[in-house]
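**Student:** Could you have a look at this structure, given as structure tokens, before my questions?
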Amino acid sequence: MKSMIESSEYQLQLQNPAFPDLANSFLCGAMLHEAAGKLNQAAIRLLYAAWACDDCGSTTAAAHCRNAAEAMIVRTNESGQPVCQQGDGATDCLRVDLLRRAGRGADARKIISAALPKITDDILRKVLKFQAALIKRRDMGCYTVSDVVRE
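The opening position of the sequence shown corresponds to residue 1 in this note's numbering, with each subsequent residue numbered one higher.
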């Protein structure tokens, strides 16, 4: 880990002015977890970085973090280290939300189309249908499961 922390890549990220300080800390944490082979933990840190960017109104930086988180989630699934312990349906919902909020509605729509026929959980199905409606409206805003249930 010491070599990673001392690396120019890590140090550049830690001081990257394109991201809020808290996001840089989470992005560096993601680098450390990835280097240690803990891809699921790296994905979570990337998600936290996106939220830190949201809190500072850094939309472009938040989209970058969401794209990185979604890509890491794909890697976690391929390596057998899922981020969502509730199964593929929950993972699909998370990936769709990350992609939609990053402005990648077309990619999110593909996941919805592939996932909906396989998901039996009512709440997860509602979440994906809600996401589909948001994508149709080009809505990249933040919503909760409570918003889905009220619909």
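Beta carbons are placed, not taken as given, at the ideal position from N, Cα and C, and that holds for glycine.
Closest to residue 125 by CA distance: which of 60, 23, 88 is it?
**Tutor:** Cα-wise, what sits closest to residue 125 is 88.
**Student:** Give the straight-line distance between the Cα atoms of residue 7 and residue 118, rounded to the nearest whole angstrom.
**Tutor:** Cα to Cα, the separation comes out at about 44 Å.
**Student:** Tell me, to the nearest whole angstrom, how far the beta carbon of residue 93 is from that of residue 128; I am working on the premise that it is less than 8 Å.
**Tutor:** Sure, about 6 Å apart at Cβ, within 8 Å.
**Student:** Buried or exposed for residue 145, please, with buried defined as at least 16 other CB atoms from any protein chain shown within 10 angstroms of its CB.
**Tutor:** Exposed.
**Student:** When the distance is taken between beta carbons, is residue 105 closer than 8 Å to residue 73?
**Tutor:** Contact: no.
**Student:** Given a cut-off of 8 Å, decide if residue 4 and residue 35 are closer than it, judged by their beta-carbon atoms.
**Tutor:** Yes, the Cβ-Cβ distance between residue 35 and residue 4 is below 8 Å.
**Student:** Starting from residue 157 and walking both ways along the alpha helix (DSSP H), at which residues does that stretch end?
**Tutor:** Since the first residue of the chain shown is 1 and the last is 151, residue 157 is not available in this structure.
**Student:** If you run the structure through DSSP and keep just helix, strand and coil, what is residue 44?
**Tutor:** Residue state, collapsed to three classes: helix.
**Student:** Residue 67: which of 100, 14, 40, 139 sits nearest, CA to CA?
**Tutor:** Residue 100 is the option with its Cα nearest to residue 67.
**Student:** Since residue 131 contacts residue 108 with CB under 8 Å, what's their CB separation in whole angstroms?
**Tutor:** Between residue 108 and residue 131 the Cβ distance is about 7 Å, and since that is below 8 Å, they are a contact.
**Student:** In its own chain, which residues sit with a C-beta less than 6 Å from the C-beta of residue 116, not counting the 5 before and 5 after it?
**Tutor:** For residue 116, where only same-chain residues beyond five positions count, the Cβ hits under 6 Å are 128.
**Student:** Helix, strand or coil: how does DSSP classify residue 107 here?
**Tutor:** Residue 107: helix per DSSP, three-state reduction.
**Student:** Give the range of the alpha helix (DSSP H) segment to which residue 102 is assigned.
**Tutor:** That residue, residue 102, is in no alpha helix (DSSP H); it is neither H nor E in DSSP.
**Student:** With H, G and I counted as helix, E and B as strand and the rest as coil, what does DSSP make of residue 8?
**Tutor:** Residue 8: helix per DSSP, three-state reduction.
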